[in-house]
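Student: Take the sequence shown: its letters are residues 1 to 290, numbered as in this note's numbering. By construction, the Cβ of each residue, glycine as well, lies at the ideal position given by its N, Cα and C atoms. Computed from a predicted model, the values in this text were never measured in an experiment. The structure follows.
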Amino acid sequence: MESQGFFFVTGVSMYANTLAHNLMYSTIRLNVVSADSVGTGFYFGFRHGDRHETAIITNNHVLPPKAGTYVLSLPIREASDPSQQFPSGKHYTLNALLSEQDVIRHPNSAIDLCCFSLKKLRFTNLPVGFVPFYRHFSDEDIPADDQIFDAIESISMVGYPSGLYDETNNLPLVRRGITASPINFDFNGNPEFIVDIAVFPGSSGSPVVICDLNGYSDIGKNGALTFQLGAQRLILVGIMFSALTRTEVGTLNINTANSFTFPNWMHLGRAIKSREIRNLEQEFFKAKPF
Numbered sequence: 001m002e003s004q005g006f007f008f009v010t011g012v013s014m015y016a017n018t019l020a021h022n023l024m025y026s027t028i029r030l031n032v033v034s035a036d037s038v039g040t041g042f043y044f045g046f047r048h049g050d051r052h053e054t055a056i057i058t059n060n061h062v063l064p065p066k067a068g069t070y071v072l073s074l075p076i077r078e079a080s081d082p083s084q085q086f087p088s089g090k091h092y093t094l095n096a097l098l099s100e101q102d103v104i105r106h107p108n109s110a111i112d113l114c115c116f117s118l119k120k121l122r123f124t125n126l127p128v129g130f131v132p133f134y135r136h137f138s139d140e141d142i143p144a145d146d147q148i149f150d151a152i153e154s155i156s157m158v159g160y161p162s163g164l165y166d167e168t169n170n171l172p173l174v175r176r177g178i179t180a181s182p183i184n185f186d187f188n189g190n191p192e193f194i195v196d197i198a199v200f201p202g203s204s205g206s207p208v209v210i211c212d213l214n215g216y217s218d219i220g221k222n223g224a225l226t227f228q229l230g231a232q233r234l235i236l237v238g239i240m241f242s243a244l245t246r247t248e249v250g251t252l253n254i255n256t257a258n259s260f261t262f263p264n265w266m267h268l269g270r271a272i273k274s275r276e277i278r279n280l281e282q283e284f285f286k287a288k289p290f
């Protein structure tokens, strides 16, 4: 690896057009310098009629409401050419400004989702001729309302737990687990479900997907179970927004007794159902009229 200022060369891009490879290029590490926090964002292609626009989706608390402008530091991969078909093997850490007024928030303030258009990022050190490389989700990746999932599904989460990532190759970390509550049910009446997976600060905004690479069980509308031998599927089922914790209470004896409490991670996370992206998309185009 060769470093030249904010510019990194990894030599060979090692990219293959597979579901798993594309998933690794679907997220972006959001270092919100002005809030001293790190979260996960992912690319999503919004569509309204014949209009297409790429946005980055994350949680509201990653970009907390504030007056003025966010200062962001974003590691972004370069495409090999304007067609954006392949990465060049290079990435840049770009500094950007984003106005609060350009952050679109979910119409229900209780749902921890927001987004912003890539076009609204004002880069301060963008190289001449730079073309970003990424892969985005789209509405076709969101399950239909009547799609039936099994009560326990294997899931993957892509992001930057505790801000960690492969800095040399600018790649996120993937964690795997299972659903702890059925996807088809709204947990406690809210548009969310619980996953049995380790979640830490920095995971906020991570896409939660079902990524089957070598066959899967499919439940039909009539409840019949079939196995799709050797088939692949990628379904965006949720967006991580919170970890579940429990409060531990104890006593520390050093000459005198002192009590203490601290949160203990339960290896459980809360994910917003991906269908809520559609409500966010409506707000996005309301704020950006034709």
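1. Assuming F227 is part of the alpha helix (DSSP H), what are its boundary residues?
2. Among the residues of its own chain, which have a CB less than 6 Å from the CB of R176, if the five just before and after it don't count?
3. For the alpha helix (DSSP H) that L94 lies in, which residues bound it at each end?
4. Along the chain, where does the alpha helix (DSSP H) that runs through L19 open and close?
5. Do L30 and L97 count as a contact pair if the criterion is CB distance below 8 Å?
6. Quick check: the Cα distance between I194 and G129, rounded to an integer number of angstroms?
7. Using the Cβ count rule (16 or more neighbours within 10 Å means buried), how would you classify E106?
8. What is the DSSP secondary structure of D161, counted as helix, strand or coil?
9. In angstroms with no decimal places, state the Cα-to-Cα distance between Y165 and Q147.
10. For a test of the three-state rule: what should DSSP assign to G189, helix, strand or coil?
11. Using 8 Å as the threshold, is the C-beta distance between V208 and G238 below it?
12. Which first and last residues belong to the alpha helix (DSSP H) in which N279 is found?
13. With L63 as the anchor, note down where its beta strand (DSSP E) starts and where it stops.
14. Applying the criterion that 16 or more other CB atoms from any shown protein chain within 10 Å of the CB defines a buried residue, is G41 buried or exposed?
15. Should D36 be labelled buried (16 or more other beta-carbon atoms within 10 Å of its own) or exposed?
16. In the structure shown, what three-state DSSP assignment does K120 receive?
17. Output the boundary residues of the beta strand (DSSP E) element that contains R29.
18. Apart from the five residues on each side of it in sequence, which residues of its chain come closer than 7 Å, Cβ to Cβ, to S3?
19. Quick check: C211 and L229, are their CB atoms within less than 8 Å of each other?
20. Can you give me the Cβ contacts of S138 inside the same chain, cut-off strictly under 8 Å, excluding the 5 residues immediately before and after it?
21. For the segment 173-193 and the segment 48-66, state whether three or more C-beta atom pairs, one from each stretch, are separated by less than 8 Å.
22. Residues bridged to M240 by DSSP?
23. Looking at the strands, I want to know which residues DSSP matches up with H52.
Tutor: Looking at the atomic coordinates:
1. As a working note, residue 227 is residue 227 in the sequence shown. Not the alpha helix (DSSP H): F227 falls in the beta strand (DSSP E), residues 225-228.
2. Numbered from 1 along the sequence shown, position 176 holds the residue referred to as residue 176. Once the five neighbours on either side are set aside, the close Cβ partners of R176 are S156.
3. One-based indexing of the sequence shown puts residue 94 at position 94. Element bounds for L94: not the alpha helix (DSSP H) but the beta strand (DSSP E), 87-99.
4. Residue numbering aside, residue 19 sits at position 19 when the sequence shown is read from its first letter. First-last of the alpha helix (DSSP H) with L19: 19-24.
5. Taking the sequence shown and counting its residues from 1, one reaches residue 97 at position 97. Taking the sequence shown and counting its residues from 1, one reaches residue 30 at position 30. Going by C-beta atoms, L97 is not nearer than 8 Å to L30.
6. Residue mapping note: residue 194 aligns to position 194 of the sequence shown, counting from 1. Residue mapping note: residue 129 aligns to position 129 of the sequence shown, counting from 1. One C-alpha to the other measures close to 43 Å.
7. Here residue 106 is taken as the residue at index 106 of the sequence shown, counted from 1. Contrary to the premise, residue 106 reads as His rather than Glu in this sequence. That one is buried.
8. Along the sequence shown, one-based indexing puts residue 161 at 161. Checking the sequence, you will find Pro at residue 161 rather than Asp. Note: P161 maps to helix in three-state DSSP.
9. The residue labelled residue 165 in the question sits at position 165 within the sequence shown. The residue labelled residue 147 in the question sits at position 147 within the sequence shown. Using only the alpha carbons, I get a separation of about 33 Å.
10. On the sequence shown, position 189 is the one that residue 189 refers to. Helix, per DSSP.
11. Within the sequence shown, residue 208 is the residue found at index 208, counting from 1. Within the sequence shown, residue 238 is the residue found at index 238, counting from 1. Yes, the Cβ-Cβ distance between V208 and G238 is below 8 Å.
12. What you label residue 279 is simply residue 279 of the sequence shown in a count that begins at 1. Taken as a continuous stretch (DSSP letters only), the alpha helix (DSSP H) holding N279 covers 276-287.
13. Position 63 of the sequence shown holds residue 63. Per DSSP, L63 lies in no beta strand (DSSP E) and is assigned neither H nor E.
14. For the purposes of this step, residue 41 is taken as residue 41 along the sequence shown, with counting starting at 1. That one is buried.
15. As a position in the sequence shown, residue 36 is number 36, starting the count at 1. That one is exposed.
16. Walking along the sequence shown from the start, residue 120 turns up at place 120. Helix.
17. Translated into positions along the sequence shown, residue 29 becomes position 29. Taken as a continuous stretch (DSSP letters only), the beta strand (DSSP E) holding R29 covers 27-32.
18. Along the sequence shown, read from residue 1 onward, the residue named residue 3 stands at position 3. Its pLDDT being 30, under 50, S3 is placed unreliably by the model, and the measurement read from it follows with that caveat. Within the same chain, S3 has no close Cβ partners at all.
19. As a working note, residue 211 is residue 211 in the sequence shown. As a working note, residue 229 is residue 229 in the sequence shown. No, the Cβ-Cβ distance between C211 and L229 is not below 8 Å.
20. One-based indexing of the sequence shown puts residue 138 at position 138. For S138, where only same-chain residues beyond five positions count, the Cβ hits under 8 Å are F44, G45, R47.
21. Contact fails: fewer than three Cβ-Cβ distances are below 8 Å.
22. The sequence position of residue 240 within the sequence shown is 240, counting from 1. DSSP, once it has assigned bridges, lists A271 as partnering M240.
23. Counting from 1 along the sequence shown, the entry for residue 52 is found at position 52. In DSSP, H52 forms a bridge with R47.
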